[in-house]
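J.:
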Amino acid sequence: MKLRGLAAAMLVAVVGLSATLAFSEDERDGGEAGERGWVAGLAGPTGVRPVDNPLYAAECGGCHFAYQPGLLPEAAWRGVMGGLADHFGENAELAPETQKLLTEYLIQNAAEQDSGRIARGMLRSAGGQGEPVQRITETAFFIRQHDELPARVWRDNPKVGSMSNCSACHTQANNASFDEHQVRIPGVGRWED
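In the working numbering, the protein residues as written are -9 to 183.
1. If you check the beta carbons only, do P40 and Q58 fall under 8 Å apart?
2. What would DSSP say about V173, mapped onto helix, strand or coil?
3. L91 and L45: beta carbons closer than 8 Å?
4. Is L74 near A82, with beta carbons less than 8 Å apart?
5. Go ahead and label G111 buried or exposed: buried means 16 or more other beta carbons lie within 10 angstroms of its beta carbon, across all protein chains shown.
6. Counting C-beta neighbours from all protein chains within 10 Å, is the total for R107 16 or more, i.e. buried, or is it exposed?
7. If you follow the alpha helix (DSSP H) that I133 is in, where does it begin and where does it stop?
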């Protein structure tokens, strides 16, 4: 009986170790392949939670990509929402009640509240950077994920224009999927590392 129990425990340990080793360290620590979840069909960490607030989608998404709240920590969202009179060079002021509602939504769904792997990566990279980074494209996590892209495919590409134009290349960005296998750069096509 003891031998059978030991064999069963060893089998469980081997299966668990095999599942862990099936993913590269990059995937377990937030690499691109980890975005799709750990194993097809099983629940697991994903990128970030999708935007589920129609007011946010309309107000913020009316001018630019409606960034998922999990892409920045709470302190950064407070900074963004507190500086709407000069929102990256534009006046984006809102009615006080609207600003309050959107700020609450962003804080309640910020990276600290999102268990997805991209949110965790953004949160880790935001720590220790002094003042909270308000531009998603300036976080260490974002830079690390996009460092292989030459400027000619994004900055010099009029159909993209800037790294902040997520949905230009990430075909499922509006659904909170930033899977590298869904990247299609306008005028370039599918992009692989």
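Idealized CB from N, CA, C, for every residue including glycine.
T.: Looking at the coordinates:
1. Within the sequence shown, the letter at position 50 stands for residue 40. Within the sequence shown, the letter at position 68 stands for residue 58. Contact flag set, yes.
2. As a working mapping, residue 173 is identified with position 183 in the sequence shown. For V173, the secondary structure class from DSSP, reduced to helix, strand or coil, is strand.
3. For the purposes of this step, residue 91 is taken as the residue at position 101 of the sequence shown. For the purposes of this step, residue 45 is taken as the residue at position 55 of the sequence shown. Yes. Within cutoff.
4. For the purposes of this step, residue 74 is identified with residue 84 of the sequence shown, where counting begins at 1. For the purposes of this step, residue 82 is identified with residue 92 of the sequence shown, where counting begins at 1. Cβ distance < 8 Å, so L74 and A82 count as in contact.
5. For the purposes of this step, residue 111 is taken as the residue at position 121 of the sequence shown. With at least 16 other beta carbons inside 10 angstroms of its own, G111 counts as buried.
6. As a first step, residue 107 is located in the sequence shown; it is residue number 117 there, counting from the start. Using a 10 angstroms sphere on the CB of R107, the tally of other CB atoms reaches 16 or more, which defines it as buried.
7. Mapped onto the sequence shown, residue 133 falls at position 143. Its alpha helix (DSSP H) spans residues A130 to H136.
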